[in-house]
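Chains as they are written, first to last, in my numbering: chain R, 112 to 764; chain P, 3 to 92; chain V, 16 to 150.
Where a beta carbon is used, it is the ideal one built from N, C-alpha and C, also for glycine.
Beneath this line is the structure, given in structure tokens, with notes to follow.
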């Protein structure tokens, strides 16, 4: 399999995608089933050719064919096989091909699944997907071709090798997870677009995309959490979220998609909010393209990407193309999107959802604003103002807390309207208990945000508990079941609702973890062997420093004994200072790396970094005490569990 | 040698994919025959049944009062009966 | 009510943009030349290369580090007293944030060119680990 085959396959794929669009447009006016079949088949053929070229590139990475520029840049003979494959999405052109690869998988699934189920919608669904496919095919064919031959006049003996920071299991699976989420959103977008073109405003297609939307949401969530986890474990600055443009790029579509997941329930139930939902799904999809643009073009001088590339203008044009076409279509169809019904009362589930939607979108806008602010200020005032994490934290903390509060209020409100008596009954217990917590924390003198956050967390947990309790109790009364059977039944019979509540519990736990940030302690100091230093309530004793040579790096290991205030040994920590490529004669090619060590409990994480060692044998350490961080990861697991429950298949429609 | 193999591989998948795509043009002209309205009616019926069940659960839990519950259940039942009539006609 | 919520949050976003509570929330990105010309004493952010051979680490405290930041022709001495990122070395591309005082730039943040952009120039033979290249 020559690399040329990969290139040719990409060329052909582009051709077939164009044929598919042309023939399906013809079909929509002449209704000749042969043309329809031709259109579908060329979309399928295009997808299979993308598979082929992806496999060829993976194969070339595996056999280390350094005649291909991409292979030489991102791998070397020594790169472990697993990371040779993950190099497929380590660089720009490979990751774009990988995007395309996932899109092609989804395209094949959509075509095979919905041929008869959504016969009328299919042509425009396939056209929409093909347009996206063409965009990425143009990029990989003409702008950044992954099969480009190496641009040297000498034979390359070995490639650059993959960065050691990326040689990490989390980092190997983090991009594909995010991409699955990003790319998965093409499908709801295509359905929505087609429904709008076909003036199909029924709720059937919405049911069909529910799973796609939820699966995309799940992958996006996992991707974001994994990114944070990796930053926390590997980057060694002690945090998991820095409001970097690349992080924001994945967070923005997550926010609008979360809003969509809520508002679509209202559309399913009552046919309201059609207009709004269309806008939300179009914006979400555009944000995924915009996110890929932010990650891959390097317009933002972010930690992730400094270098400029030729990709920027093309991506930006596509973003504008999507926005213009989508909004023009919404405008043309605006009369069809009007719904007869109006929300009856704001004290209702619908009212709560609507407010939640508005706040999600506002939050997304705040993040967007902070992300593009440097570019805007440079364009408008000529000076580039960079925006740091404190800006985002200040803006988003109150907005996030309002959302947290709504998570609790929502389940307490009934659909359509809630009577005053109901409001009194439902709100009494959670308000009382969380109010007590509020005053206790106030009396203890905690910071206002901390007090509000913890009280709201408790409020939400009680509200959700009441929902589970009421549900189970109704079954106990009606079917005379035992409590646990009733609980199991009520969940399994209403998976999306109770799964959703479990996701909310996960979010609450994550908020507990975020609130822990307010108590972070940080200290940097130098220690000689045998001496110690106090940070917070802990003593850090340097017992030894050892050195070790390992296959691909050299390591200095500091042995730190962690003692509590009574002098009991808690744990021994071994943060390392490593130098990768330590045998390289060129000193600039050697790459230092700090391997952190963490003592992690439910209460707090003790995060140790070995920053430097001097000639006298003094070890310089950075210690951080980060309370409650573990709850962020626990919340992540609960979130995944809840989504899985909601996704668990039931009888297909 | 390797390049000959490579070129024939390229030739091979190009021919196969082109043939696969244009093959429908050699078929007889047909019109789509599956009755989509029937299918969608059936699906709508299932959705309505689910809504009724959910409504009953809401009532059991105590989220809505009896008057409201009966009003909404009757609405849903009416919709079901309309769909059932349509399905019978087919 | 929706309109109210939108107005309040728009107001909030503009408020924070104009009056950020933390001085590190926003910093002006300027060139070294501009900083020296105008002697800007506000908090700024600078980009440039670490001048080769300029890194001086204090004997008494390894965390104290002085180096010279080069941007084009302009040079500026920088002091940084926190844990240095792993990729900080001679010739590294860095971004520093801080304030200029008496001709020295006191940086409280130092970022290096990120590792995920690990792209050597393939044209340069010196970029290979194994240097035995066959012509």
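{"Check": "Secondary structure of residue 227 of chain R, DSSP reduced to three states", "Outcome": "coil"}
{"Check": "C-beta neighbour in chain R for residue 45 of chain P, strict 8 Å", "Outcome": "yes"}
{"Check": "The segment 158-169 of chain R contacting the segment 129-144 of chain R, beta-carbon criterion three pairs below 8 Å", "Outcome": "no"}
{"Check": "Neighbourhood of residue 598 of chain R by C-beta, 7 Å cutoff - its chain only, sequence neighbours within 5 removed", "Outcome": "579 and 583"}
{"Check": "Helix, strand or coil at residue 129 of chain V according to DSSP, with G and I counted as helix", "Outcome": "Unreliable placement is indicated for residue 129 of chain V, whose pLDDT of 49 sits below 50; no coordinate value is reported for it."}
{"Check": "Residue 24 of chain V vs residue 42 of chain V beta-carbon contact at 8 Å", "Outcome": "no"}
{"Check": "Residue 403 of chain R, buried or exposed, once every other Cβ within 10 Å from all chains shown has been counted against 16", "Outcome": "buried"}
{"Check": "Residue 520 of chain R to residue 484 of chain R span [Cα, whole Å]", "Outcome": "34 Å"}
{"Check": "Residue range of the alpha helix (DSSP H) that includes residue 522 of chain R", "Outcome": "500-523"}
{"Check": "Against chain P: residues of the segment 156-180 of chain R by CB proximity under 8 Å", "Outcome": "156, 159, 160 and 163"}
{"Check": "DSSP-derived helix/strand/coil call for residue 565 of chain R", "Outcome": "helix"}
{"Check": "Residues in the segment 65-81 of chain V having any Cβ partner in chain R nearer than 7 Å", "Outcome": "76, 77 and 78"}
{"Check": "Secondary structure of residue 85 of chain V, DSSP reduced to three states", "Outcome": "strand"}
{"Check": "Among R:151, R:343, R:288 and R:320, the one whose alpha carbon lies nearest that of residue 735 of chain R", "Outcome": "R:343"}
{"Check": "Sequence-distant residues of its chain with Cβ nearer than 8 Å to residue 656 of chain R (five each side left out)", "Outcome": "640, 667, 668, 669, 670, 724, 728 and 730"}
{"Check": "Cβ-based contacts, 7 Å cut-off: residues of the segment 63-89 of chain P near chain R", "Outcome": "63, 64, 65 and 66"}
{"Check": "Contacting positions in the segment 78-108 of chain V - beta carbon closer than 8 Å to chain R", "Outcome": "78, 97, 98, 99, 101, 102, 104, 105, 106 and 108"}
{"Check": "Close-in-space but distant-in-sequence residues of the same chain around residue 53 of chain V (CB under 6 Å, 5 per side omitted)", "Outcome": "none"}
{"Check": "Pair within 8 Å by beta-carbon distance, residue 54 of chain P and residue 318 of chain R", "Outcome": "no"}
{"Check": "Straight-line Cα distance separating residue 681 of chain R from residue 325 of chain R", "Outcome": "42 Å"}
{"Check": "Contacts that residue 19 of chain P makes with chain R (C-beta to C-beta distance below 8 Å)", "Outcome": "123, 127, 156, 159 and 160"}
{"Check": "Residue 89 of chain V versus residue 123 of chain V: straight-line alpha-carbon distance, rounded", "Outcome": "21 Å"}
{"Check": "Where residue 178 of chain R sits in the DSSP three-state scheme", "Outcome": "coil"}
{"Check": "CB contact check: residue 55 of chain V to chain R, cutoff 8 Å", "Outcome": "no"}
{"Check": "The segment 432-448 of chain R contacting the segment 385-398 of chain R, beta-carbon criterion three pairs below 8 Å", "Outcome": "yes"}
{"Check": "Three-way DSSP call (helix, strand, coil) for residue 719 of chain R in this model", "Outcome": "strand"}
{"Check": "Whole-Å CB distance - residue 240 of chain R paired with residue 301 of chain R, under 8 Å assumed", "Outcome": "5 Å"}
{"Check": "Interface residues of the segment 660-687 of chain R facing chain V [CB-CB below 7 Å]", "Outcome": "none"}
{"Check": "Cutoff 8 Å: residue 251 of chain R Cβ touching any chain P Cβ", "Outcome": "no"}
{"Check": "Helix, strand or coil at residue 90 of chain V according to DSSP, with G and I counted as helix", "Outcome": "strand"}
{"Check": "Under 7 Å from the C-beta of residue 28 of chain V: neighbouring residues of chain R", "Outcome": "477, 480 and 506"}
{"Check": "Run of the alpha helix (DSSP H) containing residue 159 of chain R, from where it starts to where it stops", "Outcome": "144-173"}
{"Check": "Beta-bridge partners of residue 667 of chain R, as assigned by DSSP", "Outcome": "R:658 and R:688"}
{"Check": "Distance CB(residue 96 of chain V)-CB(residue 115 of chain V) smaller than 8 Å", "Outcome": "no"}
{"Check": "8 Å Cβ cutoff met for residue 569 of chain R and residue 544 of chain R", "Outcome": "yes"}
{"Check": "Chain-ordered residues of the segment 580-611 of chain R with a beta carbon less than 9 Å from chain P", "Outcome": "581, 582, 584, 585, 586, 588, 589, 601, 604, 605 and 608"}
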